[in-house]
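Residue numbers for the sequence shown follow the numbering used here, beginning at 1 and rising by one. This report concerns only the one structure given below.
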Amino acid sequence: MRPSHAAPASADAGVYLSRRSGGGLGDADSLTPRMRRRRAFTLVLLTLLVPGSAQLVAGRRGLGRFALRVWASLATLAVLVAVVFMLSQSLAIGMLGRGWVLTVLQWLLAGFAVLWAVLFVDAWRLGRPGTLLLTTRRWLTGVTAALLVVTSGGLVYAASSVGAGRDAMNALFQGNEAVGAVKGRYNILMLGADSGRDRVGTRPDSIQLVSIDADTGSAVTFGFSRDTENINFRPGSTMARLMPEGWNCGDECLLNGLYTWAQDNAAKFPPGTANPGVLATREAVEALSGLDIQYYVMIDLRGFKKMVDAVGGLDINVKYRTPIGGGTSPIVGWIEPGEQHLDGFHALWYARSRQGSTNYERMARQRCVMTAMADQLDPQTVLVRFQKIAGASSGLIQTDLPQSELGRFADLAMKTRQHPIRGVNFVPPLMKPWDYDATLVTSTVQNTIKASEQAAAAKGKTSSASKTASAKPKVRKKKPAAQPGTAVQDPNKAAGNAAENDLSSVCSAAS
Numbered sequence: 001m002r003p004s005h006a007a008p009a010s011a012d013a014g015v016y017l018s019r020r021s022g023g024g025l026g027d028a029d030s031l032t033p034r035m036r037r038r039r040a041f042t043l044v045l046l047t048l049l050v051p052g053s054a055q056l057v058a059g060r061r062g063l064g065r066f067a068l069r070v071w072a073s074l075a076t077l078a079v080l081v082a083v084v085f086m087l088s089q090s091l092a093i094g095m096l097g098r099g100w101v102l103t104v105l106q107w108l109l110a111g112f113a114v115l116w117a118v119l120f121v122d123a124w125r126l127g128r129p130g131t132l133l134l135t136t137r138r139w140l141t142g143v144t145a146a147l148l149v150v151t152s153g154g155l156v157y158a159a160s161s162v163g164a165g166r167d168a169m170n171a172l173f174q175g176n177e178a179v180g181a182v183k184g185r186y187n188i189l190m191l192g193a194d195s196g197r198d199r200v201g202t203r204p205d206s207i208q209l210v211s212i213d214a215d216t217g218s219a220v221t222f223g224f225s226r227d228t229e230n231i232n233f234r235p236g237s238t239m240a241r242l243m244p245e246g247w248n249c250g251d252e253c254l255l256n257g258l259y260t261w262a263q264d265n266a267a268k269f270p271p272g273t274a275n276p277g278v279l280a281t282r283e284a285v286e287a288l289s290g291l292d293i294q295y296y297v298m299i300d301l302r303g304f305k306k307m308v309d310a311v312g313g314l315d316i317n318v319k320y321r322t323p324i325g326g327g328t329s330p331i332v333g334w335i336e337p338g339e340q341h342l343d344g345f346h347a348l349w350y351a352r353s354r355q356g357s358t359n360y361e362r363m364a365r366q367r368c369v370m371t372a373m374a375d376q377l378d379p380q381t382v383l384v385r386f387q388k389i390a391g392a393s394s395g396l397i398q399t400d401l402p403q404s405e406l407g408r409f410a411d412l413a414m415k416t417r418q419h420p421i422r423g424v425n426f427v428p429p430l431m432k433p434w435d436y437d438a439t440l441v442t443s444t445v446q447n448t449i450k451a452s453e454q455a456a457a458a459k460g461k462t463s464s465a466s467k468t469a470s471a472k473p474k475v476r477k478k479k480p481a482a483q484p485g486t487a488v489q490d491p492n493k494a495a496g497n498a499a500e501n502d503l504s505s506v507c508s509a510a511s
């Protein structure tokens with residue numbers, strides 16, 4: 001009597017061996033055409049779901065074990081990054097914002113793309129296409145090729161995007177020293193540089209100081225006219241040493257002219273000064289505002305249109321008809337009033353158009369464009385258009401913000417979006433840039449910051465109170481009638497609000 005596990009001596013031996021070697025996936029010789037088709041497609045689908053599993057069940061166990069270990073390691077790493085991101089977005093962004101981390105990530109993605117492609121080709125081979133019917137073979141080859149393109153091709157694209165982002169960040173964030181908050185605030189100088197063909201050298205056409213609360217993220221912007229004169233620098237500053245009498249020579253000594261002067265006299269600045277023009281402008285704005293500036297960001301207005309196109313355009317509520325062209329060139333078109341979706345070309349013209357408008361109106365339009373960019377550059381847009389944005393930012397933006405601070409400022413940016421951005425522009429009727437009281441500027445800055453902090457604190461208390469009250473029955477209270485001749489007082493109503501309201505009538509970022 002034969003043992004129960006012995007193989008039959010007939011043609012059934014092939015089926016027996018197939019079952020003993022892996023349930024029908026290890027050997028295709030003795031299977032029916034239908035089972036061969038099922039086996040071949042199963043191996044390819046296994047490679048899609050769990051890379052390396054097809055090799056394990058079909059005989060190439062060494063390659064299968066290696067692929068499974070790599071797959072498990074990458075999946076674990078992805079889960080850890082996701083957990084860190086949920087616990088602390090700033091920490092996750094800070095980690096992924098380091099150049100060396102992005103380099104490692106790029107090589108991991110590229111390496112696994114190659115490995116996955118090898119696994120798909122091997123799974124196709126293990127499916128024994130030569131034993132399949134012609135139609136089945138064509139379908140198997142087509143499905144394998146499509147999955148290979150989607151998986152490995154997608155990873156190659158992701159690796160390319162990571163590499164572009166790394167190169168852009170390495171070129172952009174060249175600062176080495178992180179600077180802490182001063183009196184609980186970060187003050188960042190925003191410069192819109194205009195290096196057009198009709199200009200001699202590069203000059204900051206738009207000068208904004210953004211002051212951000214380091215805890216709440218509430219932000220205030222202060223706009224300084226490029227025509228501001230009579231600037232006396234802080235004692236002990238570099239510019240006070242170079243210009244002890246100040247930048248005081250009438251119409252020839254305007255705020256935006258400091259940049260050109262400093263670049264032309266770079267040899268007079270301390271050794272190692274990366275950008276004398278930025279240093280001179282920074283110290284001038286520090287003297288005007290009374291605030292210490294930690295970082296700067298300078299955007300080239302000519303290259304700005306590339307960034308607008310990269311993010312898909314900007315939505316702006318235009319209040320007045322704005323010409324395209326004018327001055328030394330003919331007017332070739334108009335940007336009409338109303339809610340407009342502007343591409344890069346039109347957004348740049350809207351920010352720079354001079355015909356029929358004052359410099360102060362141009363300041364308002366430039367601020368609208370920058371605000372629209374900040375409001376509409378959300379995380380989803382960045383992810384979808386990451387490679388275009390990274391490519392557009394090359395040579396467009398300069399800053400001394402170090403990569404190590406990316407996480408902190410990404411967290412601040414998300415907090416800032418939760419608060420209204422207050423702002424004051426130091427232009428008529430608030431002040432005459434050529435004849436002003438310096439104490440009015442510094443006091444307005446302090447009063448506006450104080451009002452912003454009070455509003456953020458009140459919002460925090462209201463939010464806490466609403467959470468507490470949500471668990472209690474709501475009781476309606478009758479509001480007291482307003483007395484004749486009285487009005488509700490806005491805590492931010494300072495001297496600068498007249499100028500701010502004047503400029504806000506020019507345009508606004510569309511909601």
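Cβ atoms here follow ideal geometry from the backbone N, Cα and C, with glycine treated the same way.
Here the alpha carbon of Gln446 sits roughly 50 Å from the alpha carbon of Thr76.
Here Pro276 is buried: its Cβ has 16 or more other Cβ atoms, across all protein chains shown, within 10 Å.
By the beta-carbon neighbour count (other beta carbons within 10 angstroms, threshold 16), Asn187 is buried. Under the DSSP definition of a beta bridge, Phe222 partners with Leu209 and Val424.
Counting along the chain, the unbroken alpha helix (DSSP H) around Tyr259 starts and ends at Gly257 to Asp264.
Given a length threshold of 3 residues, each whole run of the beta strand (DSSP E) inside the region 317-359 is given here in chain order: 322-326, 329-335 and 338-342. Two segments are said to touch when three or more pairs of C-beta atoms, one from each, lie closer than 8 Å; by this definition the region 352-362 touches the region 212-227. In the DSSP assignment, Asp300 falls within the unbroken beta strand (DSSP E) covering Tyr295 to Asp300. Judged by beta-carbon spacing, Thr144 lies beyond the 7 Å limit of Phe173, meaning their Cβ atoms are not closer than that value.
When beta bridges are read from the DSSP output, Leu189 appears opposite Leu209 and Tyr296. If the five residues before and after Glu286 are omitted, its C-beta is found closer than 7 Å to the C-beta atoms of Arg234, Asp292 and Ile293, all from its own chain and listed in chain order. Listed in chain order, the alpha helix (DSSP H) elements of length 4 or more contained wholly in the region 120-155 are 134-148. Using a Cβ distance threshold of 7 Å, Gly290 and Thr442 count as a contacting pair. Contact between Ile231 and Ala284 holds, with the beta-carbon distance rounding to 5 Å and staying under 8 Å. Taking 7 Å as the cut-off, the Cβ atoms of Leu396 and Gly272 do not count as close. With a cutoff of 7 Å on beta-carbon distance, Asn425 and Gly257 are scored as not near each other. It is roughly 33 Å from the alpha-carbon of Met95 to the alpha-carbon of Gln454.
For Ile93, the enclosing alpha helix (DSSP H) covers residues Gln89 to Leu96. Three or more Cβ pairs closer than 8 Å define a contact, and the region 153-160 falls short of that threshold against the region 48-63. Under the 10 Å beta carbon count, His346 is surrounded by 16 or more other beta carbons and is classified as buried. Counting along the chain, Thr399 sits inside the beta strand (DSSP E) bounded by residues Ile397 to Thr399.
Following the DSSP letters along the chain, one finds Ala284 inside the alpha helix (DSSP H) bounded by residues Pro276 to Ser289. If you check the CB distance, Ala274 and Ala262 do not come in under 7 Å. Here Met86 is exposed: its Cβ has fewer than 16 other Cβ atoms, across all protein chains shown, within 10 Å. Ala78 and Leu91 have their alpha carbons spaced roughly 15 Å apart. In this structure, Ala171 sits away from Ser404, with a CB-CB distance that is not shorter than 7 Å.
A Cβ-Cβ contact shorter than 7 Å links Met190 with Val297.
If you look at Arg36, you'll find it in the alpha helix (DSSP H) that goes Pro33 to Leu49.
By DSSP's assignment, Ile231 forms a beta bridge with Trp247. In the displayed model, Leu314 falls within a strand according to three-state DSSP. Collapsing the DSSP output to three states places Arg362 in a helix. Within the model, the alpha-carbon separation for Met243 versus Arg203 is close to 20 Å.
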